[in-house]
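Enquirer: Chains as they are written, first to last, in UniProt numbering: chain A, 1 to 338; chain B, 1 to 384.
No residue lacks a Cβ here, since even glycine has one placed at the ideal position from N, Cα and C.
Following this message is one structure expressed as structure tokens.
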Amino acid sequence: MFSQIVSAIGAMIFGVAICAAYFWFSNKLLDLIFPAREGDDVHRAAVNLRRRGLIRPWLFLGPALFLLVVYLVYPVVATFILSFYGPDGSKFVGGANYLWALNDTEFRQSIFNNILWLAVVPAACTFFGLVIAVMTDRIWWGNIAKAVIFMPMAISFVGASVIWKFIYEYRGGTDTQIGLLNAIVQLFGGTPEVWITIPLWNNFFLMVMLIWIQTGFAMVILSAALRGIPEETIEAAVIDGANGWQIFWKIMVPQVWGTIATVWTTITILVLKVFDIVLTMTNGQWNTMVLANLMFNWMFRGGGDSGRSAVIALVIMVAVTPIMIWNIRRANAETKGR
Amino acid sequence: MIGNLGRIGPARIFVHAAVLLIVLLWLLPTLGIFVTALRDKDQIVASGWWTAFAGSSRTTAARLDGPDKAKPDGANFVISGTLAVEGGGKIQSFGLRVQEPAAYKAGSPAELENGETLTINSDGSYRYQKNGAFGADARAKRVYLTVATPPQFTLDNYRNVLGGEGIGQSFINSLTVTIPATVIPILIAAFAAYALAWMEFPGRAILIALVVGLIVVPLQMSLIPLLRIYNEIGQLFGVSSKTYPGIWLAHTAFGLPLAIYLLRNYISGLPKEIIESARVDGASDFDIFVKIILPLSFPALASFAIFQFLWVWNDLLIAMVFLGTDKDHLVLTAALNALLGSRGGNWEILTASAFVTIIIPLLVFFGLQRYLVRGLLAGSVKGG
């Protein structure tokens, strides 16, 4: 154990040091190659300064650009190309992989489940987040409540899976039910069930987990947006005799609409990539397969089929593209407004 | 602001009750894990974790000493001794037949047949008396006890898990992955963010748009091509394709778009005068960055650091693909996932392991929550 800790620390220092050394030495080197000290020829110094100014941004950006291109830009192109090739990526098969996807029942099931997830989870998280934000802002212990609801954000999906598997735990025969859900069902006279194996409904039992994790995120963002609402608008509504319900729907919600959209989109992206929950809870059995897991399966199933998994990855990519374009437009508008 | 909405009694009580209910709903699942991990493994399967604080009672059998241990006491003969009671429990009642295990109360003498009297006290000490000699060939007497056990908590589950199940090793692996994968992207992103915010060069606008666009690119896109690159590089140098530097770079790259975006937003908001007066004084961009920008950007750096830390620590997919699932490299999430498969019913192991994986992010989270919220509010957020 001890030697492992030492080597781990060594590896960490080594990794970080290399990175820091790059920035330090590359910038020193640039200053050496194009010196511009006092006492030098003024003209040459000016030329060198300009050259430095041309090169230095790329020294600063270099590692970032390299990583972005190799890890994110190139793979998009490569995945697209691979989707037209056979299992090992060497034989051109045209649209065969796409045809396979159209006719594959598991793929259709995944699409259906993904749509289900997309319809339920972002909406539920945003709705609960908004309601909880409004309610916790009205009570003195609201911040404690918020911390508790926010807490699952820190828990890994795998950790959450253990937590919820225990809630859904089923024990057969006459054994005492130690899963909370079955114990409650029994308390009210129902029959305990193996929850995560009930087709269709099991999807919802998995979604509950993501809602449990992500509502805190929606709550924090929306709570900040709600605080930004000018007091006058609410006071005016109170004076006009609006009740709490009307104030919520007609005054507050419209004013934080932009934030609601952001939260919704962010959770939508997350849902499209959801992988860990399905893997650890059911591994796609009992009709719970989603695209991300199907893709992972095809990557490694029977030695791997890069063509088919590439097609599935592309489907996910196509789904996020509108959000990507929207994001870029919004960022551009913001930058111009500065 | 919204406080004046809830001044009326019933509405206010409703809000308090509703929030309390929600808080309980959000707390209960995690609480179940924490409580279960501290319970004895036999008790976990015997009763729900919510009964852990109430204690339990169960029936056991025990045997008194045999007639050969009998001692004369005046006209009577007495067998006395102490029955072992496990786990600090107290005997509530006892009986002589399995059908009636609770026929007599502990502490008071029970009159039996043949002039025999048996007293069993709650601590297990007993006195078995007969108004004559015990039959020499009689067997030692069997009694049934109802034992009430107080709530019992133990750290054994953690001891087992950290030593035997490889969780301790995985803990170190996770740290080895997480710390560089948190520091390196911050360093790289901060330099890039500074360049995009304060340096003039052609193509800057396009690069910013690229970064924003890449925030949403699904990880899944990158896996297959990257795995191929990694394998080729591994073969070229004759090393394994699954190395710590490999996963550091992967996490760094996947965290970069959001990091650059957030840090650029922050750094471009710093006061222009400071940077320009430093330039006039002859400071190079490198000096400005290290001596002015880095210290001033601490809040933004901290909030991103927390994000990246949580994201890397909690990641399963990247670790499974780029670090593999062999024992020496297994990170905590992957180890926990493996346990879910192999030890599905052993809740003492699963819950203790889950607690170990959760505790570090929770500490970071509650310790630095302020920065985390600030980072969330600074703009967009990367999804898992």
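How long is the line joining the alpha carbons of A:Y168 and B:G345, rounded to whole angstroms?
Expert: Their Cα atoms are separated by approximately 12 angstroms.
Enquirer: Count Cβ pairs between the region 203–211 of chain A and the region 153–166 of chain A that sit closer than 8 angstroms; are there 3 or more?
Expert: Yes, since at least three Cβ pairs between the region 203–211 of chain A and the region 153–166 of chain A fall closer than 8 angstroms, the two stretches touch.
Enquirer: Need the endpoints of the beta strand (DSSP E) that B:V72 sits in, please.
Expert: Per the sequence shown, residue 72 of chain B should be read as Pro rather than Val. Counting along the chain, the beta strand (DSSP E) containing B:P72 begins and ends at K71 to D73.
Enquirer: Buried or exposed: which applies to A:I18, given that a residue is buried once 16 or more other Cβ atoms fall within 10 Å of its Cβ?
Expert: Classification for A:I18: exposed.
Enquirer: Is there a C-beta anywhere in chain B that falls below 8 angstroms from the one on A:A147?
Expert: Yes, because at least one Cβ of chain B sits closer than 8 angstroms to the Cβ of A:A147.
Enquirer: Could you give the DSSP three-state label for B:S93: helix, strand or coil?
Expert: If DSSP states are grouped into helix, strand and coil, B:S93 belongs with the strands.
Enquirer: Among A:A78, A:F204 and A:F296, which has the Cα closest to the Cα of A:W286?
Expert: The residue with the shortest Cα to Cα distance from A:W286 is A:F204.
Enquirer: Listing by chain order, which chain A residues have their CB less than 7 angstroms from the CB of B:D285?
Expert: What B:D285 touches in chain A: R56.
Enquirer: What number of angstroms, rounded off, separates the C-alpha of B:S57 from the C-alpha of B:I120?
Expert: Whole-angstrom Cα-Cα distance: 17 angstroms.
Enquirer: The beta strand (DSSP E) with B:R127 in it runs from where to where?
Expert: Run containing B:R127: S125 to K130, per the beta strand (DSSP E) assignment.
Enquirer: From A:L67, A:A183 and A:L54, pick the residue whose C-alpha is nearest to that of B:L246; which is it?
Expert: Looking at the sequence provided, one finds Gly at residue 246 of chain B rather than Leu. Closest option to B:G246, Cα to Cα, is A:L67.
Enquirer: Starting from B:V217, find everything on chain A with Cβ-Cβ shorter than 8 angstroms and list it in chain order.
Expert: Here the neighbours are L72, V76, M317, V320 and M324.
Enquirer: Can you give me the C-alpha to C-alpha distance between A:L61 and B:P202, rounded to a whole angstrom?
Expert: So the two alpha carbons sit approximately 13 angstroms from each other.
Enquirer: Should B:F322 go down as buried or exposed, given a rule of 16 or more other Cβ atoms within 10 Å for buried?
Expert: So B:F322 counts as buried.
Enquirer: Are any of the Cβ atoms in chain B nearer than 8 angstroms to that of A:S110?
Expert: Closer than 8 angstroms: no.
Enquirer: Between the beta-carbon of A:T176 and the beta-carbon of B:G32, is there less than 8 angstroms?
Expert: Contact: no.
Enquirer: Would you say the region 238–255 of chain A touches the region 264–273 of chain A, given that touching needs at least three Cβ pairs under 8 angstroms?
Expert: Because the criterion of three Cβ pairs below 8 angstroms is not met, the region 238–255 of chain A and the region 264–273 of chain A do not touch.
Enquirer: Should B:A250 be flagged as near chain A, meaning a C-beta pair shorter than 8 angstroms?
Expert: Yes, its Cβ sits closer than 8 angstroms to a Cβ of chain A.
Enquirer: For B:I120, which residues does DSSP report across the bridge?
Expert: B:Y126.
Enquirer: Starting from B:G48, find everything on chain A with Cβ-Cβ shorter than 9 angstroms and list it in chain order.
Expert: Result: T176, Q177, I178, G179, L180 and A183.
Enquirer: Compute the Euclidean distance between the alpha carbons of A:S83 and A:A292, then round it to the nearest angstrom.
Expert: Near 16 angstroms, if we compare the C-alpha coordinates of A:A292 and A:S83.
Enquirer: If B:V23 and A:A124 are in contact, beta carbons under 8 angstroms, what's the gap, nearest whole angstrom?
Expert: B:V23 to A:A124, Cβ: 18 angstroms. No contact.
Enquirer: Checking 8 angstroms against the spacing of the C-beta atoms, do B:L187 and A:A21 come in under that value?
Expert: It is not a contact, given that the beta carbons lie outside the stated cut-off.
Enquirer: Would you please state the rounded distance, in angstroms, between the beta carbons of B:V183 and A:V16? I believe it to be under 8 angstroms.
Expert: Rounded, the Cβ-Cβ distance is 5 angstroms, consistent with contact.
Enquirer: Which residues, taken in chain order from the region 322–333 of chain B, show a beta carbon closer than 7 angstroms to some beta carbon of chain A?
Expert: If the cut-off is 7 angstroms between Cβ atoms, the region 322–333 of chain B has T333 near chain A.
Enquirer: With three or more C-beta pairs closer than 8 angstroms as the rule, is the region 301–319 of chain B touching the region 356–375 of chain B?
Expert: Enough Cβ pairs lie closer than 8 angstroms, so yes.
Enquirer: Taking all protein chains shown into account, decide if A:G95 is buried (16 or more other Cβ within 10 angstroms of its Cβ) or exposed.
Expert: Flag for A:G95 reads exposed.
Enquirer: Less than 8 angstroms between C-beta atoms, sequence neighbours within five positions excluded: which residues of the same chain meet that for A:Y170?
Expert: Excluding residues within five positions, the ones whose Cβ falls inside 8 angstroms are Q177, G179, N182, P192, E193, V194 and W195.
Enquirer: Using a cut-off of 8 angstroms between C-beta atoms, extract the partners of B:L362 located in chain A.
Expert: Neighbours of B:L362 on chain A, chain order: M151, A154 and I155.
Enquirer: Using the rule of at least 16 other Cβ atoms within 10 Å of the residue's Cβ for burial, across every protein chain shown, is B:E165 buried or exposed?
Expert: With 16 or more other Cβ atoms within 10 Å, it is buried.
Enquirer: At 7 angstroms on the CB atoms, spell out the chain B contacts of A:M135, in chain order.
Expert: Simply V15, A18 and V19.
Enquirer: When DSSP builds the beta bridges, which residues end up paired with B:S222?
Expert: For B:S222, which the question treats as bridged, DSSP gives no partner whatsoever.
Enquirer: What residues from the region 190–204 of chain B come within 7 angstroms of chain A, judged by C-beta to C-beta, listed N to C?
Expert: Cβ contacts with chain A come from F191, A192, Y194, A195, M199 and F201.
Enquirer: For B:A148, which residues in the same chain have their Cβ closer than 7 angstroms to its Cβ, ignoring the five residues on either side in sequence?
Expert: Within the same chain, B:A148 has close Cβ partners G55, S57, G89, K90 and Q92.
Enquirer: By how many angstroms is the C-alpha of A:F188 removed from the C-alpha of A:G173?
Expert: Their Cα atoms are separated by approximately 18 angstroms.
Enquirer: Helix, strand or coil for A:R50, going by three-state DSSP, please let me know.
Expert: It is helical.
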